Amino acid sequence: MICSTNNPAIKRYNYRAAVVMTLYVVFLLLAVWVFKLHPPTGVAAYALAVLPSLPIVGMLVVAGLYLAEEKDEFIRNTQVQAMLGGIGGTLAVTSVWGFLENFVHVPHMDLYLVFPLFWVFVGVSMFVVKLRYR
Amino acid sequence: MKSGRKSSAFRRYKTRSVTTMLLYVLSLAITSIGFDHFRLTGLAAYLLAILPALPILVAMVVVGLYLAEEKDEFVRSFWLEAMLWGIGPTMALTTVWGSLTKFAHLWGMDLFLVYPIYCVFVFIATAVLKRKYR
Amino acid sequence: MKNRLRVLRAERNWSQADLAERLEVSRQSVNAIETGKYDPSLPLAFKLARLFETAIEDIFTDEN
Chain A
47 MICSTNNPAI
57 KRYNYRAAVV
67 MTLYVVFLLL
77 AVWVFKLHPP
87 TGVAAYALAV
97 LPSLPIVGML
107 VVAGLYLAEE
117 KDEFIRNTQV
127 QAMLGGIGGT
137 LAVTSVWGFL
147 ENFVHVPHMD
157 LYLVFPLFWV
167 FVGVSMFVVK
177 LRYR
Chain B
497 MKSGRKSSAF
507 RRYKTRSVTT
517 MLLYVLSLAI
527 TSIGFDHFRL
537 TGLAAYLLAI
547 LPALPILVAM
557 VVVGLYLAEE
567 KDEFVRSFWL
577 EAMLWGIGPT
587 MALTTVWGSL
597 TKFAHLWGMD
607 LFLVYPIYCV
617 FVFIATAVLK
627 RKYR
Chain C
2 MKNRLRVLRA
12 ERNWSQADLA
22 ERLEVSRQSV
32 NAIETGKYDP
42 SLPLAFKLAR
52 LFETAIEDIF
62 TDEN
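So the sequences go chain by chain: A, B and C. Using our numbering, the first residue of the first sequence is number 47, and each one after it goes up by one. Using our numbering, the first residue of the second sequence is number 497, and each one after it goes up by one. Using our numbering, the first residue of the third sequence is number 2, and each one after it goes up by one.
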């Protein structure tokens, strides 16, 4: 995402993202700690396991809200391009790595890494898009 | 979008994507049979394992070509919107499932399924958007 | 799309940043439109036309 501080939509995004990411760290630490010391069972185990992924889903909402609130159509256009690049890269890597895992047993990539992988590719795409519109 | 007049770009997309899907099925068969019947190692194993991923990469290029070739700007923005909406649920599902797998030891999901899952969500999005733009 | 934005800006001594401020968009937006790498939407095109007190067709050249 652009690091400018004049755009109100981006300021709001940065604030919300910070809140959500903090919640993610807190929930993750909580889940790891509880699973280590008092491992729950049954429904409680599932609920606690899902807990850290909720702020991640929240991150999607934050990103969606940003796209809806960004008034500058050109910037929104470049962000959309970056997101498409993000999903393209993610799908390519998961497909290739998934088949390698299945047939030649390369080290397993955890499923929840798909979302961070997506953001990595969004960052790369953002860089490429900025080059294009220099 | 009940247009009987599908654009030439769309017709080209349909031909190309059907071809790639057939190539995908074929390469999956080749790879599965190859690994079942031959004791493959080293580079040969890796190359054969990647084979089914190649049509998937080509399929993404085919989609990209369609977006670039589609002259109708509304239709193009319709597909862009659907593709963006597909990202959210895909990321949410992989994150929650991955969390459950890691912490609550739910059964894992094959990584290469991320791509078909995304396609399903994009398809659902087009159904919703078609009603929105009725 | 080819356009006369640079000329119109120069006539009023506006930088890209000045124009961006008046249009309430980013400077990157103005640069992308000016260099023909991005076509503005209708509302934005009308905003430009009103700002320069001219018609959209006098700013942008439809090459067809």
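We treat Cβ as the ideally placed atom computed from N, Cα and C, and that holds for glycine. Please read these numbers as outputs of a predicted model, since none were measured by experiment.
Asked	Found
Quick check on the burial criterion: 16 or more other C-beta atoms within 10 angstroms. Buried or exposed for residue 514 (chain B)?	exposed
Under a Cβ-count criterion, where at least 16 other Cβ atoms within 10 Å of its own Cβ denotes burial, should residue 594 (chain B) be classed as buried or exposed?	buried
Quick one: does residue 170 (chain A) have its CB under 7 Å from some CB of chain B?	no
For residue 590 (chain B), which three-state DSSP category applies?	helix
Using the beta-carbon count (16 or more within 10 Å), is residue 18 (chain C) buried or exposed?	exposed
Could you name the residues of the segment 74-93 of chain A whose beta carbon sits closer than 7 Å to any beta carbon of chain B, in the order they occur along the chain?	77, 81, 91 and 92
Pull the bridge partners of residue 3 (chain C) from the DSSP assignment, please.	C:62
Taking C-beta pairs closer than 8 Å, name the residues in chain C that residue 119 (chain A) reaches, listed in chain order.	26, 30, 41, 42 and 45
Candidates B:628, B:524, B:511 and B:512: which alpha carbon is nearest residue 577 (chain B)'s?	B:628
Considering only residues of the same chain and omitting the five flanking positions on each side of residue 551 (chain B), which have a CB-CB separation below 7 Å?	516, 519, 520 and 523
How many Å lie between residue 20 (chain C) and residue 92 (chain A) at the Cα?	55 Å
Do residue 31 (chain C) and residue 118 (chain A) count as a contact pair if the criterion is CB distance below 7 Å?	no
Could you compute how far the alpha carbon of residue 143 (chain A) sits from the alpha carbon of residue 152 (chain A)?	8 Å
Taking the beta carbon of residue 106 (chain A) as the centre, do at least 16 other beta carbons fall within 10 Å, making it buried, or is it exposed?	buried
Can you pull the chain C residues whose beta carbon is under 7 Å from the beta carbon of residue 59 (chain A), in chain order?	Ordered by position in chain C, no residue passes the 7 Å Cβ test against residue 59 (chain A), which lies about 15 Å from the chain.
By the criterion of Cβ-Cβ separation under 8 Å, what are the contact partners of residue 574 (chain B) in chain A?	Result: empty, since nearest Cβ-Cβ is about 13 Å, beyond 8 Å.
Along chain A, which residues have their Cβ under 7 Å away from the Cβ of residue 33 (chain C)?	120 and 179
Taking its Cβ as the centre, do 16 or more other Cβ atoms sit within 10 Å of residue 136 (chain A), making it buried, or is it exposed?	buried
Where does residue 53 (chain A) sit, in a helix, a strand or coil, going by DSSP?	coil
Would you say residue 568 (chain B) lies against chain A (beta-carbon separation less than 7 Å)?	no
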